[in-house]
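First comes the structure, then the notes that go with it.
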Amino acid sequence: MTRVSSFGQQSLMVNTLMENQKRVFEGQRQVATGKKTDEYAGLKSATNTVLSSRSFMARVDTFQTTIKTVRGKLDANDVQIEGMLSSMEALKDNIQVALANNQAEGFSELLDQTFKFMVNGLNTNFDGTYLFSGAKTSTVPVNVNTLSDLAALPTVADAFDNSDIGFKAKIADNVDLDFGLVADDVAEESFQVLLDLYNYDQGAGGPLNGELDQTQWDYLQGMLSNITSAIDGLRQNQVKNGLVYERLDLINEQHSDTAVFLEVFVADLEDVDMAEAVTRLNNNQVALEASYQAVSILSDLSLLRYI
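Rendered as structure tokens:
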């Protein structure tokens, strides 16, 4: 006669119940978090792939933060250069009007205003650093404030204290970006033109105020080409600044595409299929309820009933 162990059968049913409880708990966690596991070890063979991908995502995020900072500096550069351009173009227009009317009015004041506007632009401090100082970020790039100060120097070049080296930023793996404009590259030619005009106005040929004589007219006419050259130099620096900005946009677009790809890639490895997880949870809950019922029924069975 075959004997049946009530204790053995109860142990088996309890173990099954506990296993079903474990499955239900895990299913509830997956549905609540949307993740296959809450530990990297739970991803098994995909662990290294996920960790490497997340490390790459962190680098991309750092690069994008750097690009945002560089963009801010380039935007500020563009604003200041545009202001300098407008100032020099206004000076040129004023001279052309003076030549057309053979009459100069307020020329000394205009020169002084133009120079001060350029100095203020070149000495702009952005986010704690001087925009046009290059690597000498804490150094004021232009050390004079007026044309008389400039005239007292041995050369125009002595008015600039900026570094010869611009800024550098890492914007991608193995990609270092040289950016930023330095004051002497931007404005030395313009300063020389303004100084020449100032010296003439203050010298024997001046002042350039009131009706122009032929010598004054000829001088101003000859200076127009120098002013035009200085304006072209400012424009070239503005274009250079814009080209760097375009390169940043291109690299940043690549980073954005990479970030989207990595997010989807990592999600495929880490995230659960929610519809599948909910279905599995429902099935496990049904199995758990069945286990509870089976254990309950089994606990009521006893051979004593038949003795």
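Be aware that the sequence shown starts at -3, since it is given in our numbering, and climbs by one per residue.
The beta carbon of each residue, even a glycine, is placed where N, CA and C say it ideally should be.
Work out the CA separation of valine 66 and leucine 277 for me, nearest whole Å.
Interpretation of leucine 277 is limited by its pLDDT of 49, a score under 50 that renders its predicted location unreliable; the figure taken from the coordinates is listed afterwards. Near 50 Å, if we compare the C-alpha coordinates of valine 66 and leucine 277.
Find the nearest neighbour of valine 138 within the set Thr120, Gly201, Gly124 and Ala148, judged by alpha-carbon distance.
The shortest C-alpha to C-alpha distance from valine 138 to any of Thr120, Gly201, Gly124 and Ala148 is the one to Thr120.
Expected contact under 8 Å - CB spacing of serine 83 and methionine 114 to nearest Å
About 6 Å separates the beta carbon of serine 83 from that of methionine 114, a gap short enough to meet the 8 Å contact definition.
With 16 other CB atoms within 10 Å as the buried threshold, where does asparagine 141 fall?
Looking at its Cβ environment, which holds fewer than 16 other Cβ atoms inside 10 Å, asparagine 141 is exposed.
Taking the continuous alpha helix (DSSP H) assigned at phenylalanine 156, which residues delimit it?
Per DSSP, phenylalanine 156 belongs to no alpha helix (DSSP H) and is neither H nor E.
What are the residues that DSSP puts in a beta bridge with lysine 166?
Partner(s): Asp172.
Alpha carbon to alpha carbon, how far is arginine 243 from glutamine 234?
Answer to the nearest angstrom: the Cα atoms are 15 Å apart.
Are the beta-carbon atoms of alanine 94 and alanine 86 separated by less than 8 Å?
Cβ distance not < 8 Å, so alanine 94 and alanine 86 don't count as in contact.
Hey, quick one: how far does the alpha helix (DSSP H) through threonine 110 stretch, first residue to last?
From DSSP, the alpha helix (DSSP H) with threonine 110 extends over 103 to 118.
C-alpha gap between asparagine 44 and threonine 125, whole angstroms:
Asparagine 44 and threonine 125: Cα-Cα distance of roughly 41 Å.
Give me the Cβ distance between phenylalanine 111 and leucine 143, rounded to the nearest whole Å; I'm assuming they're in contact under 8 Å.
Contact check for phenylalanine 111 and leucine 143: beta-carbon distance about 5 Å, within the 8 Å limit, so the pair qualifies.
Rounded to a whole number of angstroms, what is the C-alpha to C-alpha distance between tyrosine 215 and leucine 190?
The straight-line gap from Cα to Cα measures roughly 13 Å.
Pick helix, strand or coil for methionine 80, following the three-state DSSP scheme.
Secondary structure at methionine 80: helix, using DSSP grouped into helix, strand and coil.
Are phenylalanine 341 and valine 182 closer than 8 Å when you measure CB to CB?
As shown, the chain starts at -3 and ends at 303. That puts residue 341 outside it, with no answer to give.
Cα-Cα separation, valine 136 to serine 48:
Our two residues, valine 136 and serine 48, have alpha carbons roughly 44 Å apart in a direct line.
In terms of alpha-carbon separation, which member of Lys236, Glu184 and Thr224 lies closest to aspartate 174?
Taking only the C-alpha atoms, the option nearest aspartate 174 is Lys236.
Output needed for aspartate 172: all residues of its chain with C-beta closer than 8 Å, excluding positions within five of it in sequence on either side, in chain order.
Around aspartate 172: Lys164, Ala165 and Lys166.
Would you please state the rounded distance, in angstroms, between the beta carbons of isoleucine 161 and glycine 130? I believe it to be under 8 Å.
Taking a contact as a CB-CB distance under 8 Å, the pair isoleucine 161 and glycine 130 counts as one, their CB atoms being some 5 Å apart.
Would the beta-carbon of phenylalanine 187 fall within 8 Å of that of leucine 146?
Contact flag set, yes.
Quick one: what's got a C-beta closer than 8 Å to leucine 107's C-beta in the same chain, skipping five residues either side?
The beta carbon of leucine 107 lies closer than 8 Å to those of Leu87, Leu143, Leu190, Leu193, Tyr194 and Asp197 in the same chain, with the five residues before and after it left out.
Straight-line Cα distance separating threonine 133 from serine 159:
For serine 159 and threonine 133, the distance between alpha carbons rounds to 9 Å.
Is it the case that the Cβ atoms of asparagine 73 and leucine 177 are separated by a distance below 8 Å?
Yes, these two residues count as a Cβ contact at 8 Å.
Whole-Å CB distance - glutamine 212 paired with leucine 204, under 8 Å assumed
The beta-carbon separation of glutamine 212 and leucine 204, rounded to 6 Å, stays under the 8 Å limit for a contact.
Under DSSP, the alpha helix (DSSP H) around leucine 191 begins and ends at which residues?
Per DSSP, leucine 191 belongs to the alpha helix (DSSP H) from 179 to 198.
Counted within 10 angstroms of its Cβ, other Cβ atoms place aspartate 123 as buried (16 or more) or exposed
Taking every protein chain shown into account, the CB of aspartate 123 has fewer than 16 other CB atoms within 10 angstroms, so this residue is exposed.
Terminal residues of the continuous alpha helix (DSSP H) containing alanine 147?
Annotation for alanine 147: the continuous alpha helix (DSSP H) segment containing it runs 143 to 147.
Count the other CB atoms within 10 Å of the CB of threonine 180; is the residue buried (16 or more) or exposed (fewer)?
Per the sequence shown, residue 180 should be read as aspartate rather than threonine. Per the 10 Å Cβ criterion, buried.
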